[in-house]
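Undergrad:
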Amino acid sequence: MNYSYRALASTLVACALASVGGTDSAFAHGLAGKRFFPATLATDDPFVADELSLPTYSSRKTAASGDEPVTRETEWSAEFTKRITPNLGLGFEATYLRLSPEGGDVQKGFDNFAVGLKYQFYKNDEHETILSAGVDWDIGGSGAKRVGAESFSTFTPTFFFGKGFGDLPESTQFLRPFALTGVVGLAIPSRASTTTVTVEDDETIESVERNPNVLTWGFALQYSIPYLQSFVKDVGIPAPFNRMIPVVEFSLQTPLNRDGGATTGTVNPGVIWAGRYIQLGIEAVIPINAHTGGKTGVIAQLHFFLDDIFPRSIGRPLFEH
Amino acid sequence: MKRSACVIALLAWLLASMQSAHAHAFLDHAAPAVGSTIHGSPAEVRLWFTQELEPAFSTIRVLDQSGKQVDKADKAVDRDDKTLLRVSLPQLPPGTYQVVWRVLSVDTHVTEGDFRFEVAP
Chain Y
1 MNYSYRALAS TLVACALASV GGTDSAFAHG LAGKRFFPAT LATDDPFVAD
51 ELSLPTYSSR KTAASGDEPV TRETEWSAEF TKRITPNLGL GFEATYLRLS
101 PEGGDVQKGF DNFAVGLKYQ FYKNDEHETI LSAGVDWDIG GSGAKRVGAE
151 SFSTFTPTFF FGKGFGDLPE STQFLRPFAL TGVVGLAIPS RASTTTVTVE
201 DDETIESVER NPNVLTWGFA LQYSIPYLQS FVKDVGIPAP FNRMIPVVEF
251 SLQTPLNRDG GATTGTVNPG VIWAGRYIQL GIEAVIPINA HTGGKTGVIA
301 QLHFFLDDIF PRSIGRPLFE H
Chain D
1001 MKRSACVIAL LAWLLASMQS AHAHAFLDHA APAVGSTIHG SPAEVRLWFT
1051 QELEPAFSTI RVLDQSGKQV DKADKAVDRD DKTLLRVSLP QLPPGTYQVV
1101 WRVLSVDTHV TEGDFRFEVA P
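In the order they appear, the protein sequences are chains Y and D.
Heads up: the first sequence begins at 1 in the working numbering, then just goes up one per residue.
Heads up: the second sequence begins at 1001 in the working numbering, then just goes up one per residue.
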């Protein structure tokens, strides 16, 4: 990590720590007033909570690109988030990758490990609004090169938002169960380019890959059946369907420089089922354009609400006001 | 293989731990039902939650269209069913009423909400 990135990361961490204690304590579990925000699968959620996603499974066939053949990418990941204070959380993520190229050898191994810090700086119960800011550190060189783990780190300062529409007027009450969450981040690699040297027939070949800054952005539009039945109108949807939240997520990446190419990403329609202690989610993963390429895949997640499972131990913040 | 065994063991431990755990209390259903229209005044409003409640810190109020509290202010958690919160009502004239609740589950998680019902002649 060079000095400027270290300084940026230090500044963000210091800002987050300095602002601890400036707001009222927040509930865990993504609550703002009447609104329960579920943990979304493809885009990070806007709240800070004690939670565990184990596992998140995804599988998709990518398109052929240059010398690389069509490849089936399968991921198993785990993410654990712990509240340090009621509004400040620290997250850890590990992803195990299996790459199966057509006509090639299967490669397996861990992608780079990631650490994230998130601070929820605003919550408005009446307007069901949550705002957070954070930074992710994708730790360069911590994963396996054979599955493409980068040798450099990437820092992603990110802004998160969540807005429920429970404050819409009475005449549009059936729109109140809608909510929108989203993220906007800037992924900054610690190295502008990566040089690879290979030797073929006593000849040294040097190839340079440029690493662009990337705008990572996305949102999730969701319609909460629990909200509909608890606060608008009990339309008689029985269990287990009364705990379902249909959702459409958009997960996008836009390179900003160094010939990074066009915007790529996926649109993920699916459903989340939120129980007392766990949440289950499944979504289709559909490439948004030809640049993204590949086939429709799937992502599924089992998520644990640690604040509800262990309310008196690991489900509480380490430091409370 | 060893890794799979660890994951399975962790999941089993988490699932086993849930047996004695508690959670946020969300509204399961209500009488009168959320957003319903009923004929004649109900004798009380009853709310069933997904968790047992702390009686001292769980409240329910019924308001008329002008925001005036119209219930008998005798809210109570049911003795036999600690997920049930109830409050008595006087004879209500036709109109729209709002039920406002705020409850504390037995593990100290607070949740709140409100809904409307209509009394028709």
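Each residue gets a CB set at the ideal place from its N, CA and C atoms; glycine is no exception.
(1) Going by Cα to Cα distance, which pick from Y:T158, Y:S251 and Y:H127 is closest to L117 of chain Y?
(2) Determine the DSSP secondary structure at Y277 of chain Y, reduced to helix, strand or coil.
(3) Could you check whether the Cβ of V1119 of chain D sits closer than 7 Å to any Cβ belonging to chain Y?
(4) How long is the line joining the alpha carbons of F304 of chain Y and R210 of chain Y, rounded to whole angstroms?
(5) Using DSSP bridges, identify the partner residues of I282 of chain Y.
(6) Given a limit of 7 Å on CB to CB distance, which residues of the stretch 162-182 of chain Y reach chain D?
(7) Does the beta carbon of A1033 of chain D come closer than 7 Å to any beta carbon on chain Y?
(8) Find out if the Cβ-Cβ distance for the pair L221 of chain Y, V199 of chain Y is shorter than 7 Å.
(9) Against chain Y, does G1113 of chain D count as a neighbour if the rule is that its beta carbon must be under 7 Å from one of theirs?
(10) Using the Cα positions of V1106 of chain D and T195 of chain Y, report the straight-line distance between them to the nearest angstrom.
(11) In the DSSP output, which residue or residues are listed as bridge partners for A49 of chain Y?
(12) Please list, in chain order, all residues of the same chain as P189 of chain Y whose beta carbon is under 6 Å from its beta carbon, the five residues on each side excluded.
(13) Tell me, please, whether the CB atom of F80 of chain Y is closer than 7 Å to any CB atom in chain D?
(14) I need the straight-line Cα distance from A141 of chain Y to K123 of chain Y, nearest angstrom please.
(15) Answer yes if the stretch 286-296 of chain Y comes into contact with the stretch 44-56 of chain Y, meaning at least three C-beta pairs across the two stretches below 8 Å, and no otherwise.
(16) In the structure shown, what three-state DSSP assignment does I1038 of chain D receive?
(17) Considering Cα atoms alone, identify which of Y:Q173, Y:I130 and Y:F110 is closest to A78 of chain Y.
(18) Checking 7 Å against the spacing of the C-beta atoms, do D125 of chain Y and G33 of chain Y come in under that value?
(19) May I ask you to list, following chain order, the residues of the stretch 224-249 of chain Y that have a beta carbon less than 7 Å from some beta carbon of chain D?
(20) Kindly list the residues whose CB is nearer than 7 Å to the CB of S1036 of chain D, restricted to its own chain and excluding five residues on each side of it in sequence; keep chain order.
(21) For the stretch 55-72 of chain Y against the stretch 170-189 of chain Y, are there 3 or more C-beta pairs whose distance is under 8 Å?
(22) Since A1043 of chain D contacts L1089 of chain D with CB under 8 Å, what's their CB separation in whole angstroms?
(23) List in chain order: all unbroken beta strand (DSSP E) runs of 3+ residues lying wholly within the stretch 188-230 of chain Y.
(24) Does the beta carbon of L1047 of chain D sit closer than 7 Å to a beta carbon anywhere in chain Y?
(25) Nearest to W137 of chain Y by CA position, among Y:A179, Y:E68, Y:G91 and Y:S193, is which residue?
(26) Going by C-alpha to C-alpha distance, which of Y:K82, Y:W76, Y:A64 and Y:V70 sits closest to R316 of chain Y?
(27) Kindly indicate which three-state DSSP category R83 of chain Y falls into: helix, strand or coil?
(28) Starting from D138 of chain Y, follow its DSSP beta bridges and name the residues at the other end.
(29) Which of the three DSSP states is assigned to E170 of chain Y in this structure?
(30) Closest Cβ-Cβ distance between K34 of chain Y and chain D: below 7 Å?
(31) Let's see if you can read the secondary structure: which residues bound the beta strand (DSSP E) around D1028 of chain D?
(32) By alpha-carbon positions, which one of Y:D50, Y:T71 and Y:N87 ends up nearest to G103 of chain Y?
(33) Could you tell me the boundaries of the beta strand (DSSP E) in which L306 of chain Y lies?
TA: The relevant details are as follows:
(1) Y:T158
(2) coil
(3) no
(4) 39 Å
(5) Y:V271 and Y:A300
(6) none
(7) yes
(8) no
(9) Against chain Y, the CB of G1113 of chain D has a partner CB under 7 Å away; the residue lies at that interface.
(10) 59 Å
(11) According to DSSP, A49 of chain Y bridges with nothing at all.
(12) F152, T154 and N211
(13) When Cβ-Cβ separations below 7 Å define contact, F80 of chain Y makes no contact with chain D.
(14) Looking at the sequence itself, residue 141 of chain Y is Gly, so the reference to Ala does not match. It is roughly 37 Å from the alpha-carbon of G141 of chain Y to the alpha-carbon of K123 of chain Y.
(15) Contact between the stretch 44-56 of chain Y and the stretch 286-296 of chain Y is not established, with fewer than three Cβ pairs separated by less than 8 Å.
(16) strand
(17) Y:F110
(18) Yes; because the gap between Cβ atoms is below 7 Å, this pair is in contact.
(19) P226, Q229, S230, F231, V232, K233 and D234
(20) F1117
(21) no
(22) 6 Å
(23) 193-200, 203-210 and 214-223
(24) no
(25) Y:G91
(26) Measuring from the Cα of R316 of chain Y, the nearest candidate turns out to be Y:K82.
(27) strand
(28) For D138 of chain Y, which the question treats as bridged, DSSP gives the partners Y:A114 and Y:T154.
(29) helix
(30) At least one chain D Cβ lies under 7 Å of K34 of chain Y.
(31) L1027 to A1031
(32) Closest by alpha carbon: Y:T71.
(33) Note, L306 of chain Y: premise wrong, no beta strand (DSSP E); alpha helix (DSSP H) at L306 to I309.
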